[in-house]
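These notes are about the structure you will find just below.
Numbering (this note's numbering), first residue to last: -16 to 207.
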């Protein structure tokens, strides 16, 4: 099966550029890279059967990668392991992040320790019959997590219904807005997320899976 996007109904200030990256996207989805994506999707789906602490460790990854790189977040988790994120006091965890020269170690340590209350709720949220309700619950109740981070966390734990709108993806959707430096409020997030959902529906992919291809196009990498 070859995946295609309908380019005839595009709108916007730079339709030609959009059509170019849509063509590149189609080629990538129909390449051998699809096998790598499918394997990563299986890894994400395995979280639906994991326990609260394991799932929370993935939520901590989203705290660690905010305003820094995915590679650095992965490196930090590998160095510390699961236990400090689940059990260490705020002071001890913060000290470990500081010793690793991690940015904003006070804020990250505080958010991680203060959000441990959600650990027993996480398996229920991942398997909630309405993923949109689950995301809203996370955004409204987990300190330091907005729509991008909650969507990222849910995708990495097997819920693929949402767009992960970081700067790379926004640049592909709307270069002019990306260059403006403006922040995404809820209304704008929903607007651009709907664009991703429409593209994903044309391709027969979930938005969270489509993001892996778009991220590869934007950065040359497949991480998580």
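We treat Cβ as the ideally placed atom computed from N, Cα and C, and that holds for glycine.
Note that the structure is a prediction, hence the values are computed from the model and not measured.
Inset, instruction - Please list the segments of the alpha helix (DSSP H) lying wholly inside the segment 34 to 96, counting only runs of 4 or more residues, in order along the chain. - result: 35 to 48, 53 to 63, 66 to 70, 73 to 82
Legend entry - Beta-carbon gap between residue 43 and residue 128 smaller than 8 Å: no
Legend entry - residue 118, buried or exposed, once every other Cβ within 10 Å from all chains shown has been counted against 16: buried
Inset, instruction - Going by CA-CA distance only, name the one from 63, 69, 68 that's closest to residue 83. - result: 63
Inset, instruction - Report the residue ranges of all alpha helix (DSSP H) runs contained in full by the segment 120 to 166; include only those spanning at least 4 residues, in chain order. - result: 130 to 139, 150 to 156, 158 to 163
Inset, instruction - Would you tell me roughly how many angstroms separate the C-alpha atoms of residue 102 and residue 121, rounded to the nearest one? - result: 12 Å
Legend entry - Residue environment, residue 131, which counts as buried when at least 16 other CB atoms sit within 10 Å: buried
Inset, instruction - State the DSSP-derived secondary structure class of residue 206, mapped to helix, strand or coil. - result: coil
Legend entry - Alpha-carbon spacing of residue 161 relative to residue 6, whole angstroms: 21 Å
Legend entry - Sufficient close CB pairs (3 or more, under 8 Å) joining the segment 107 to 118 to the segment 74 to 89: no
Inset, instruction - With distances taken Cα to Cα, identify the nearest neighbour of residue 68 among 100, 50, 54, 53. - result: 100
Inset, instruction - Just the C-alpha distance for residue 144 and residue 191, rounded to the nearest angstrom, thanks. - result: 6 Å
Inset, instruction - Classify residue 187 as helix, strand or coil using the three-state DSSP reduction. - result: coil
Inset, instruction - Apply the 10 Å Cβ neighbour rule to residue 164 and answer buried if 16 or more other Cβ atoms are within range, or exposed otherwise. - result: exposed
Legend entry - Beta-carbon proximity of residue 95 to residue 146, cut-off 8 Å: no
Inset, instruction - Output the distance between the C-alpha atoms of residue 92 and residue 174, rounded to the nearest integer angstrom. - result: 32 Å
Legend entry - Backbone secondary structure at residue 18 - three-state DSSP: helix
Legend entry - residue 106 - containing alpha helix (DSSP H), residue span: 105 to 109
Legend entry - Check whether residue 285 and residue 188 have beta carbons under 8 Å apart: Past the boundaries of the shown model lies residue 285; the chain is included only from -16 to 207, so the question cannot be answered.
Inset, instruction - Could you say which of 171, 172, 194 lies nearest to residue 182 if we only look at CA atoms? - result: 194
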